[in-house]
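Residue numbers (my numbering), protein chains in the order written: chain Z, 1 to 136; chain E, 137 to 276. Note sheet for the following structure.
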C-alpha cells in the first residue's frame, strides 16, 4: 500500500485509541504524561498506565504475527546523541505537559489553545533542529 | 475488563504507530526535513488521528461518564505561559535530534532495544528530574 494510505490508516487507529481511552477510562491519551506519572512521585492510578504502556511495547510482536517480520526502525545516531535527545525530550514533555499524542492527537481536536500553541511550537522547533543539522 | 481494556488500547495505539510509519525515526526525520527530500506522508497520521478524535470525543461526551471511572478528565488549564512554550521548544529539539517522541520510543523498544535503552534512559531520567524540580518549586 502507498505510504499516504498507510499513514492515514495508522492515524485513524491512533485516533480510535485516543477515543477509546477517554470512553473507557476518562483519560487523555498523552504518552509523556502516562509514562511520567509511572515514575516517582508515582500516581495512585498506575495500573491502567502500566498496562497501556505494556500494550504499546508489545505491539510489534502482534505486527510480526501478521507480516512475519518486525517493522523497520532505522536509528543511525551514536549513543551520546541518543542519550541527550532522550533527556531533552523527557525534560521538555514534562515541562510543557505533553507531546505529540497529548497536545497533538488529543489537544488539537479539543481546540485547546494550549495544545494548539504547544503543537505549533514543537513542530517548528523540531523542523528547525533538523534544518540546522542537515542543511547548515 | 478495566485493566484488559488499557492493554488493548495500548496495543491499538502501538499498531497505529507501526502501520503509519511513525515508529521509524528515519521516516519521522524525513517528515521534519521540509527543505530536504521532504516526505509529507506523516502529516496524514496527525490528520487522520485528529479527525477521529474530534468526532469521537464529541460522541462519547454525550455519555455522562466513562465506562470504568466516575467522570471524563479533560484538562482544564487554559494559560499560555513560559513553561508551556519552553517545554514545547525543548521537546521539539530532542524530537528533531533523532526523530523519536515518547509513543514511538515505546513501540520501537523491542525492535531496536539497545538504541531505545539509551534513548529511554535519557527520557526517563529527564522526566524524573523535571518531576522533582516542579514538585519542589510548587511546594507540593
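Every residue, glycine too, gets a C-beta built ideally from N, C-alpha and C. The structure presented is a predicted model; accordingly, all values stated were derived computationally and were not measured.
Asked	Found
Chain Z residues whose Cβ lies nearer than 9 angstroms to that of residue 219/E	95, 96, 97
Interfacial residues, the region 48-61 of chain Z to chain E, with Cβ spacing under 9 angstroms	48, 49, 50, 51, 52, 53, 54, 55, 56, 57, 58, 59, 60, 61
Residue 214/E - containing alpha helix (DSSP H), residue span	Premise fails: residue 214/E is in no alpha helix (DSSP H) and is neither H nor E.
Contacts that residue 198/E makes with chain Z (C-beta to C-beta distance below 8 angstroms)	Chain Z residues near residue 198/E: none, gap ~11 angstroms exceeds 8 angstroms.
7 angstroms Cβ cutoff, residue 66/Z in contact with chain E	no
Classification of residue 28/Z by the beta-carbon crowding that lies within 10 angstroms, buried from 16 upward	buried
Cα-Cα separation, residue 7/Z to residue 130/Z	21 angstroms
Reference residue 233/E, options 100/Z, 23/Z, 133/Z, closest by Cα	133/Z
Among 63/Z, 119/Z, 136/Z, 25/Z, the one whose alpha carbon lies nearest that of residue 206/E	25/Z
Closer than 8 angstroms at the beta carbon, the chain E residues around residue 87/Z	230, 258, 259, 261, 262
Top-ranked residue by Cα proximity to residue 30/Z, from 194/E, 179/E, 209/E, 137/E	209/E
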